[in-house]
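Chemist: Counting in UniProt numbering, the sequence shown runs from 1 upward without gaps. By construction, the Cβ of each residue, glycine as well, lies at the ideal position given by its N, Cα and C atoms. Below is one structure. I have some questions about it.
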Amino acid sequence: MFKFIKNLFNSEKETVELSLSVDEIAPKIIAALGGAENIEFLDFCLTRLRVQLKSKDKIDRKGLKALGAAEVVQIVENNVHVIFGTKSESYANAINAILKK
Numbered sequence: 001m002f003k004f005i006k007n008l009f010n011s012e013k014e015t016v017e018l019s020l021s022v023d024e025i026a027p028k029i030i031a032a033l034g035g036a037e038n039i040e041f042l043d044f045c046l047t048r049l050r051v052q053l054k055s056k057d058k059i060d061r062k063g064l065k066a067l068g069a070a071e072v073v074q075i076v077e078n079n080v081h082v083i084f085g086t087k088s089e090s091y092a093n094a095i096n097a098i099l100k101k
């Protein structure tokens with residue numbers, strides 16, 4: 001059944017093992033957004049991370065999708081939304097905790 005679900009939602013992308021915790025995935029999301037130094041502001045809404053970046057060119061879209069993002073949407077020049085569904089709040093809290101260190 002897992003293989004069916006994986007193929008249904010991720011037919012053309014690699015995915016991170018489902019056993020990874022939010023705290024394990026958060027640093028990987030930061031890296032895929034171009035690193036902590038590239039993130040100017042990060043917030044969330046129900047289904048997405050709202051991110052203001054210094055440079056959109058540093059985003060690893062494939063990497064974000066491999067981490068479970070359904071899509072990465074460019075809103076304006078350096079603002080993107082990364083759609084993670086209902087995990088967005090947990091990811092945002094974990095990422096912001098890391099960025100504040």
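For the candidate residues Phe41, Arg61 and Ala92, whose alpha-carbon lies nearest to that of Lys54?
Modeler: When the alpha-carbon of Lys54 is set against those of Phe41, Arg61 and Ala92, the nearest one is in Phe41.
Chemist: Drop a sphere of 10 angstroms on the beta-carbon of Leu49, count the other beta-carbons inside from all chains shown, and report buried for 16 or more, exposed for fewer.
Modeler: buried
Chemist: Applying the criterion that 16 or more other CB atoms from any shown protein chain within 10 Å of the CB defines a buried residue, is Ala26 buried or exposed?
Modeler: Answer is buried; the Cβ neighbour count reaches 16.
Chemist: Roughly how many angstroms lie between the CA atoms of Asp60 and Leu46, to the nearest whole one?
Modeler: 23 Å
Chemist: Beta carbon of Leu33, beta carbon of Val22: below 8 Å?
Modeler: no
Chemist: If you follow the alpha helix (DSSP H) that Glu77 is part of, which residue opens it and which one closes it?
Modeler: Unbroken run through Glu77: none, as it is neither H nor E.
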